[in-house]
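For the sequence shown, the positions run 0 to 818 when numbering that gives the first Met the number 0 is used.
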Amino acid sequence: MQRLTGILIALLLALLPVSGVPTGIFATPAIAQETAPATPDFAAWEKTASEIESEVADPEITDQQLDERRAQLVPLRAEFQTAQGANSGRIETLRGQLAALGAPPEDGTTEAPEITARRTELQTQISEAEAPGKAAVEAYTRADNLIKQIDAILRDRQTNALLELSPSPLNPANWTLAAAALLDAGKGIAAEINRHVASDVRRQNLISNLPIILLHLVIAAVILLRGRAVMERLVRNISGRSSLRGAKVIAKLVSLGQVVLPVLGVVLVSRALQLSGMVGVRTSPIVETLPWAGFLVFAALWLAGRLFPDDAGDSQFQLAPERRREARVHIVAFGILLAIRSLLEQIVPNPEPPVYSVLAFPLLVVGGILLFRFGQLLRTHAVNATAANTEVLFRHRLITYVAYVTIAIGALAPLLAAVGYVSAATALIYPAAMTLALIGMVMFLQGLCADIYVLAIKGDEANRGDLVPVLLGFVLCALAVPFLLLIWGARGSDLAEMWIKFREGFNIAGVQVSPTIFLTFVVVFVLGYTVTKLLQGALGASILPKTKLDTGGQRAVVLGVGYVGVVLSAIIAMTAAGINLSSLAILASALSVGIGFGLQNIVQNFVSGIILLIERPVSEGDWIEVAGVQGRVRAISVRSTRIETFDRNHVIVPNASLISGQVTNITRFNLSGRVLQQVTVSGVNDSDHVQKVLEDIAKVPPMVILNPPPSVGLIGIDGGNLTFEMRLIIRDVNFRGEVQDEVLHLIHRRFKEENIVFGIMGSSKTIMADGDGIPYVLPGAIFGDKPPADPVDAEAARDGKAEEQAEENDQRRAGSPTR
């Protein structure tokens, strides 16, 4: 513990100078004071800005010069943006002092000269303190506008270059020029190599470096000849080990060696050529481009094997084996095509327009054919995938669109190049191929993330479609957007500008929204929400159960704390993020109109929910009846109340119905209630005896209250039938079923002992008193059908019914219509 304390103290002392806190007790005030930020040199900026403005206006300025000037402006703009908050603390203090003096008198009265002089002095100090910030705002605006002008000029030039009409590559006159350019390039390279071979110094350098050169070449030969095969065999072995946990993840990561090792071999070859001393000005760019060309070829080989493997189970595309093989050939061919283009640009640097058109045209034609055919393969996959699934998934539609666009580019770009729009065709063919490669890479990474997720949770293939892998896929797609923009011609400065604007945010109704502000708001709100949940848990589990509040009241308090906590968390989060709540007043007033009309019912239910929690006419656990629905209140939320009926069905009732409608709360204020049971007997001469028997029965159930005592009354006479009504008050209406069951069993048993014959058994009713003392009647069940008055009549009725049934059967046999 002492060591741990010493380490913590050492870390604290090490961090104190960073935070600006004096490290000693006797630190001088000069050390403890906050260092003010340096003020930009506005005079030097004025000179620089004038020079850039004159250069930007010059149409002869090159793109490189514009990029250099833009790179010079970006840090200056950032410096001016930081300087906009200069003296903010001092300005706030001065404004507070000025507000403390109050406004100047307007009713013609005079104030003390000292107050007037002090107010003037403070206003002067505020103006002086605001001057650097205002100058920084002006300088920032000027620098930002200059950057926008440079970007606009560069975009216009890029657009004009794409639409420029070059000499047609189909013109035979241009073929001669292209052949001559290639021949001159070859002669120049050969002449340079011959000069270097004839040089004694270079030969001596070659001899001295020969061992290391041979070592480079031997290692490169081994890697290039056997590296991919060894890595492929290793990947197959790992994939085939089903007992190895995470075999898929390991195999996919190891498969990257099929790119790394061969490219390393090409790098060794390039390095060996450079060590030979025979590389000169003409051949050096070609040798330096070899690793990039090798990467394009081997990356295409790797990507083709990952997307279109021999095993159909590992492929994400539903194609026949021969079609997958064809797709692999197209991908590798395009990699070779890109490698040839990269090397050709170094062999014939800066060619003339006719030469460029002729040299680029064959590559564009081959690239167009490859794209056209690859688009057809993608369309075939989309058709097969759609046919295999009953529903058309979004990714199938997306692949269909990509296939049609790829086919269109593959057919259109060579035609544009043949006409002379070689730059436009180049800007279509190669970005389209790189885009397909980027999509394939994203698909590979999505599969890898899904495999890692399944490995982490120890799941199976069904878990690849969980929410986390899907969200990771969206993140990968978002991260791929900048690369996609770069592929299609966006400059790095454009992306940097987009990122700067994104960090600065945007203004909504006077509120500045930026990633920093949003992140601060989210973090503070989540912390406040977490504290609210912890407080709710403590209240519901530890504090409120020890009070005299009932369950419904405890639940109301917990919900109220939750609502207040969420509102306070939102307000504190907005304040911490620097969002001015007063600036939202206009937006809130505009939304209030829509809330008043379009969201009227929602607001009404919300307010009703608050009233229910405060007034508590209905609480959780109450037995209520509202709008013809009867059951237990299970939950009271912001908008509605959930009632569980006695059939175990859940009914959602809007809160407004509980406030504005008529609600019968059976158990809220009084659990006692009255049960009415009607009993009909026949052939009885002594009604007093029957009434006495029923009174004795009514006192037996323990749930029946004896003060006031239960009562029995004769309520009806129908011929020989006498109808009695039992009135029982029970302690808890929740046990009405048990009381009724016990009473009926007692009646049946005693009537059998007393030889009392049942007549029409009336319906039983349960009457509960609500909070106002008004009786509430619950309908009971019918006990039986009406029997005849005496046994003789019953026997006659049975004989008559039998004769009627026999007559009906005879009529059916004779084919006559029945009665």
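Beta carbons are placed, not taken as given, at the ideal position from N, Cα and C, and that holds for glycine.
| query | Does the segment 38–57 come close enough to the segment 130–146 to have 3 or more Cβ pairs within less than 8 Å? | reply | yes
| said: Could you tell me the alpha carbon to alpha carbon distance between glutamine 157 and tyrosine 420, rounded to whole angstroms? | reply: 14 Å
| asparagine 604 and alanine 655: beta carbons closer than 7 Å? | yes
| Coil, strand or helix - leucine 526 by DSSP | helix
| said: Using the three-state DSSP reduction, which class does alanine 634 fall into: helix, strand or coil? | reply: strand
| said: I'd like to confirm the pairing. Which residues does DSSP put opposite histidine 195 in its beta bridges? | reply: DSSP lists no partner for histidine 195.
| task | Go ahead and label aspartate 621 buried or exposed: buried means 16 or more other beta carbons lie within 10 angstroms of its beta carbon, across all protein chains shown. | result | buried
| request: Report all residues from its chain with a CB closer than 6 Å to the CB of valine 196; omit the five preceding and five following residues, and keep chain order. | output: none
| said: With three or more beta-carbon pairs closer than 8 Å as the criterion, would you say the segment 332–347 touches the segment 167–185? | reply: yes
| Where the beta strand (DSSP E) through threonine 607 begins and ends | Position check: residue 607 holds serine in this sequence, whereas threonine was assumed. Unbroken run through serine 607 is the alpha helix (DSSP H), 599–614; no beta strand (DSSP E).
| Neighbourhood of alanine 432 by C-beta, 6 Å cutoff - its chain only, sequence neighbours within 5 removed | Phe333
| field | Identity of the residue in Ala407, Arg323, Pro708 nearest glutamate 694 by Cα | value | Pro708
| field | Cβ-based neighbour list, arginine 68, same chain, cut-off 6 Å, excluding 5 preceding and 5 following | value | Ile51
| Under 7 Å between C-beta atoms of threonine 405 and alanine 381 | no
| request: List the residues that DSSP assigns as beta-bridge partners of glycine 559. | output: Beta-bridge pairing links glycine 559 to no other residue.
| Skipping 5 residues on each side, what residues in its chain have a beta carbon closer than 6 Å to that of leucine 300? | Val331
| request: May I ask you to list the residues that DSSP assigns as paired with serine 681? | output: Asn720, Val756
| request: In the DSSP assignment, find the alpha helix (DSSP H) that holds serine 639 and state where it starts and stops. | output: Counting along the chain, serine 639 falls outside any alpha helix (DSSP H), though it belongs to the beta strand (DSSP E) covering 639–644.
| field | histidine 744, buried or exposed, once every other Cβ within 10 Å from all chains shown has been counted against 16 | value | exposed
| request: Would you give the residue range spanned by the beta strand (DSSP E) that proline 653 belongs to? | output: 649–653
| message | Rounded to whole angstroms, what is the Cα-Cα separation between isoleucine 542 and valine 530? | response | 16 Å
| query | Which value, in whole angstroms, describes the spacing of the CA atoms of valine 650 and glutamate 643? | reply | 6 Å
| query | In terms of residue numbering, what span does the alpha helix (DSSP H) encompassing tryptophan 44 cover? | reply | 41–55
| query | If you check the beta carbons only, do isoleucine 623 and valine 662 fall under 7 Å apart? | reply | yes
| said: Tell me the residue span of the beta strand (DSSP E) that contains threonine 288. | reply: Segment 283–306 is the alpha helix (DSSP H) holding threonine 288; no beta strand (DSSP E) there.
| field | Proximity below 7 Å, CB of leucine 289 to CB of valine 265 | value | yes
| DSSP beta-bridge partners for methionine 725? | Gln676, Val711
| said: Just to confirm before moving on: does the CB-CB distance between leucine 548 and leucine 612 stay below 7 Å? | reply: no
| Delimiting residues of the alpha helix (DSSP H) encompassing asparagine 236 | 209–239
| field | Proximity winner among Ala135, Ala48, Thr92, relative to alanine 85 (alpha-carbon distances) | value | Ala135
| Touching or not, the segment 423–440 and the segment 406–415, by the rule of three or more beta carbon pairs under 8 Å? | yes
| Looking at C-alpha atoms only, which residue of Thr550, Pro166, Leu255 is the closest neighbour of glycine 304? | Leu255
| field | Nearest-angstrom Cα separation, counted from valine 280 out to leucine 466 | value | 56 Å
| query | What three-state label does DSSP hand glutamine 629 in the structure shown? | reply | strand
| Nearest CA to the CA of isoleucine 79: which residue from Ala575, Gly132, Arg270, Arg327? | Sequence inspection shows phenylalanine at residue 79; the isoleucine mentioned does not correspond to that position. Ranking the options by Cα distance to phenylalanine 79, first place goes to Gly132.
| Beta-carbon contacts of proline 820 that lie in its chain and below 8 Å, excluding the five residues immediately before and after | Any question about residue 820 goes unanswered here, given that the chain covers just 0 to 818.
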